[in-house]
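Colleague:
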Amino acid sequence: MAETRSIVVLTGAGISRESGLHTFRDADGIWATVNIEDVATPEAFARDPGRVQDFYNERRRGLVDNKIAPNPAHLALAEFETAFAGDFLLVTQNIDDLHERAGSRKLIHMHGELAKARCGNCGKFIEWREDLFTDTACPACDQAGGMRPHVVWFGEMPFEMDRIYEALEACDLFVSIGTSGNVYPAAGFVQAARMAGARTVELNLEPSEGASLFEEAVYGPAGTVVPGWFTDLAGSL
Ligand code: APR
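Take the position in the sequence shown, starting the count at 1, then add 3; the result is the number in the numbering used here.
Right under this line is the structure:
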């Protein structure tokens, strides 16, 4: 096997499922109970900001619940990152903070972070663990009415795409974990990694939309599959 010097890992909601957070597109997923168009677009926020704030307030409250904790899959990625001597980048679509709570540091939240809020007036973003309201004042500029969750809605550009594509173009291993492969640009990362000549691996509960694009796959719950797979990888390096 060729030497592994540079790794990009992509994670989605499936990695946090065993921590008690819901995925989006499974039968019991978030999009089965609420419409994307009502809560996760800039248009929804313009039309009914209170409804959108409520949706994210509820999810933020769920996240700060001290019963929610990283599971063995988050922990295995953090442990691997620490031990691996090469380049490593973890790109998550998740807005929860379970990767950082597990100890991951080389991490990009491409869809933003639930535990941060951003001011539409001054552009500052800050740690935020409380509820947000339509009249919440920005602690930086003091203006009310512009605060929103620091998350990427449908129709908005994900964060740090230049850095992500740079890493994908240089990687020799790409691992996708717990994502259904429905949402671009993340769903296209496997193709970028293949173009770079990388080995591509899917670790998911079931074959994703883009399953045929991966050279290898292991199907099963992330809490079991991910620690085993990364232990084997570390042993093979
Ligand atoms: N272990 C591994 N995978 C799992 C587990 C588990 N315990 N439970 C579910 N899965 C898998 C599902 O089979 C599914 O393929 O995780 C995937 C979750 O897919 P989605 O719900 O579509 O979540 P995700 O791919 O992260 O969604 C992408 O869509 O709505 C937006 O912005 C949101 O970041 C999100 C993006």
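Positions of the beta carbon are idealized from the N, C-alpha and C atoms, including for glycine. Remember, predicted model here, so these are calculated numbers, not experimental data.
Whole angstroms are fine: how far does the CA of V204 sit from the CA of S211?
Modeller: Taking the sequence shown and counting its residues from 1, one reaches residue 211 at position 208. Taking the sequence shown and counting its residues from 1, one reaches residue 204 at position 201. Spanning the two alpha carbons is a distance of roughly 12 Å.
Colleague: Is it buried or exposed, D134, if we count other Cβ atoms within 10 angstroms and call 16 or more buried?
Modeller: Against the sequence shown, residue 134 aligns to sequence position 131. When all chains shown are included, D134 counts as exposed.
Colleague: Tell me whether L66, by its Cβ, gets closer than 7 Å to a heavy atom of the ligand HEM.
Modeller: The ligand HEM is not part of the structure shown, which contains the ligand APR as its ligands.
Colleague: Can you determine whether any heavy atom of the ligand APR sits closer than 7 Å to the C-beta of L101, and answer yes or no?
Modeller: Position 98 of the sequence shown, counted from the start, is the residue given in the question as residue 101. Outside the cutoff, so no.
Colleague: Whole angstroms are fine: how far does the CA of A237 sit from the CA of E6?
Modeller: Against the sequence shown, residue 6 aligns to sequence position 3. Against the sequence shown, residue 237 aligns to sequence position 234. The alpha-carbon atoms of E6 and A237 are separated by roughly 12 Å.
Colleague: Can you tell which of V229, V193, G226 has the C-alpha that lies nearest to the C-alpha of A214?
Modeller: Numbered from its first residue, the sequence shown carries residue 214 at position 211. Comparing Cα-Cα distances from A214 to each of V229, V193, G226, the minimum goes to V193.
Colleague: Would you call the CB atoms of N97 and S179 closer than 8 Å?
Modeller: In the sequence shown, residue 97 corresponds to position 94, counting from 1. In the sequence shown, residue 179 corresponds to position 176, counting from 1. Result no, Cβ atoms of N97 and S179 do not sit closer than 8 Å.
Colleague: Assign Y222 to buried or exposed, taking buried as 16 or more other Cβ atoms, counted over all protein chains shown, within 10 Å of its Cβ.
Modeller: Position 219 of the sequence shown, counted from the first residue, corresponds to residue 222. With fewer than 16 Cβ atoms within 10 Å of its Cβ, Y222 is classed as exposed.
Colleague: From the DSSP output, in three-state form, read off P230 for me.
Modeller: Numbered from 1 along the sequence shown, position 227 holds the residue referred to as residue 230. Helix, per DSSP.
Colleague: Please classify E116: does DSSP put it in a helix, a strand, or coil?
Modeller: As a position in the sequence shown, residue 116 is number 113, starting the count at 1. Reduced to three states, the DSSP call for E116 is strand.
Colleague: Work out the CA separation of F157 and V42 for me, nearest whole Å.
Modeller: Numbered from its first residue, the sequence shown carries residue 42 at position 39. Numbered from its first residue, the sequence shown carries residue 157 at position 154. The straight-line gap from Cα to Cα measures roughly 10 Å.
Colleague: What is the residue span of the alpha helix (DSSP H) that V67 lies within?
Modeller: Taking the sequence shown and counting its residues from 1, the one referred to as residue 67 is at position 64. Note, V67: alpha helix (DSSP H), 52–67.
Colleague: Who's in the neighbourhood of the ligand APR, going by beta-carbon under 6 Å from any heavy atom, listed in chain order?
Modeller: Taken from the N-terminal end onward, the list reads G15, A16, G17, R20, E21, T26, F27, R28, D29, G32, Q96, H114, G181, T182, S183, N185, V186, N207, L208, E209, S211, P224, A225.
Colleague: List the DSSP bridge partners of R180.
Modeller: Translated into positions along the sequence shown, residue 180 becomes position 177. Arg is not the amino acid found at residue 180; the sequence shown has Ile there. DSSP, once it has assigned bridges, lists T14, L206 as partnering I180.
Colleague: Note down, in chain order, each residue of its chain lying with its Cβ closer than 8 Å to the Cβ of N60, except the 5 sequence neighbours on either side.
Modeller: Taking the first residue of the sequence shown as 1, we reach residue 60 at position 57. D134, L135.
Colleague: Return yes when the Cβ of F177 is within less than 8 Å of the Cβ of V11, no when it is not.
Modeller: Taking the first residue of the sequence shown as position 1, residue 11 is located at position 8. Taking the first residue of the sequence shown as position 1, residue 177 is located at position 174. Their beta carbons are under 8 Å apart, which means V11 touches F177 by this criterion.
Colleague: In the DSSP output, what is F48 paired with across the bridge?
Modeller: Along the sequence shown, read from residue 1 onward, the residue named residue 48 stands at position 45. DSSP output for F48 lists no bridge partner at all.
Colleague: Assign I39 to one of three DSSP states: helix, strand, or coil.
Modeller: For this step, residue 39 is matched to residue 36 along the sequence shown. Here I39 sits in helix by DSSP.
Colleague: How many whole angstroms separate the CB atoms of R62 and L117, which I take to be in contact at a CB cut-off of 8 Å?
Modeller: Position 59 of the sequence shown holds residue 62. Position 114 of the sequence shown holds residue 117. That pair is a contact at about 6 Å.
Colleague: Any idea if P142 is buried or exposed, counting beta-carbon neighbours within 10 angstroms, 16 or more meaning buried?
Modeller: The count along the sequence shown starts at 1 and reaches residue 142 at position 139. Result: exposed.
Colleague: Sort N38, I167, H112, H153 by Cα distance to G15 and report the nearest one.
Modeller: Mapped onto the sequence shown, residue 15 falls at position 12. Ranking the options by Cα distance to G15, first place goes to H112.
Colleague: Going by alpha carbons, who is nearest to D100 out of E82, Y168, I167, N74?
Modeller: Counting from 1 along the sequence shown, the entry for residue 100 is found at position 97. Cα-wise, what sits closest to D100 is N74.
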